[in-house]
Ligand SMILES: Cc1cc2nc3c(=O)[nH]c(=O)nc-3n(C[C@H](O)[C@H](O)[C@H](O)COP(=O)(O)O)c2cc1C
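In full-length UniProt numbering, the protein residues as written are 1 to 199.
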């Protein structure tokens, strides 16, 4: 039995393509792995707080020296990190907003990139601690960006995942969704075909 953690970040619900991809993913994953446990964290419905002075202060102190506000902030943050630590497969659904990931997803990443828990500093540099996990990233984009300098999603997320020790990362891009002609349909169908192979 594996644990799958799905992170949703589209601000849209009904018409969201990235959410459509996660729905397809869940259906196909459940068919192939009926015993797996799937958890969905929806950052648009329940956004995580931005980093603040309480959390950063709390991170640096031993428990006994933390204020009540620091303990609360840390407990909320630990919940997110624990959820990631427990997962075998991480699925991040990310619309492209202004060439990169939604700020809600960035806020989540700011919580889970935790020194001493998901990575550590060594004499030879940082070392990722999340070994043995894989990640799948489902993006939805109005234009076409794969392989171009305008893509600030894939290179960034690859770097972040590698930093915490996740090197097995598959990207599935649904692109050209807001372009005229048959780009939307083509982009979606191509992404769905790739998804079927990965899930
Ligand atoms: C605020 C905002 C910014 C966007 N920025 C970009 C962009 O930089 N590049 C792009 O190709 N599409 C951009 N889009 C289009 C979305 O990526 C596209 O509509 C995608 O389908 C959104 O994901 P969703 O369908 O899961 O909501 C933007 C959309 C919004 C709402």
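Every residue gets a Cβ at the ideal spot worked out from N, C-alpha and C, and that includes glycine. Computed from a prediction, not measured in an experiment: that's the story for all the values here.
What does a CB cutoff of less than 6 Å around residue 17 pick up in its chain, not counting 5 residues either side in sequence?
140, 174 and 177
Taking only the alpha-carbon atoms, compute the straight-line gap between residue 72 and residue 49 and give it to the nearest angstrom.
12 Å
With residue 9 and residue 105 assumed to form a contact (beta carbons below 8 Å), what rounded beta-carbon distance in angstroms separates them?
4 Å
Can you give the beta carbon distance from residue 93 to residue 22, rounded, assuming they're within the 8 Å contact cut?
5 Å
How far does the alpha helix (DSSP H) with residue 57 in it reach, from first residue to last?
53-60
Is the beta carbon of residue 7 less than 8 Å from the beta carbon of residue 41?
yes
For ligand 1, I want to know if residue 142 counts as a neighbour, meaning its beta carbon is within less than 7 Å of at least one of the ligand's heavy atoms.
yes
What's the gap between the Cα of residue 152 and the Cα of residue 99?
6 Å
Could you compute how far the alpha carbon of residue 113 sits from the alpha carbon of residue 28?
29 Å
Taking 7 Å as the cut-off, does the CB of residue 173 come closer than this to any heavy atom belonging to ligand 2?
Among the ligands in the structure shown, ligand 2 does not appear; only ligand 1 can be found there.
Residue range of the beta strand (DSSP E) that residue 190 falls in?
That residue, residue 190, is in no beta strand (DSSP E); its alpha helix (DSSP H) goes 183-198.
Going by C-alpha distance, which of 144, 14, 59 and 24 is nearest residue 110?
59
Please check the pair residue 207 and residue 160, which I expect to be a contact at CB under 8 Å, by giving their CB distance rounded to whole angstroms.
Residue coverage of the chain in this structure runs from 1 to 199, which leaves residue 207 outside it and unanswerable.
Pull the bridge partners of residue 174 from the DSSP assignment, please.
For residue 174, the pairing in a beta bridge is given by DSSP as 140.
Given this structure, state the Cα-to-Cα distance separating residue 169 from residue 36, to the nearest angstrom.
19 Å
From residue 62 to residue 189, what does the alpha carbon distance come to, in whole angstroms?
Separation of residue 62 and residue 189 (C-alpha to C-alpha, rounded to the nearest whole angstrom) is 51 Å.
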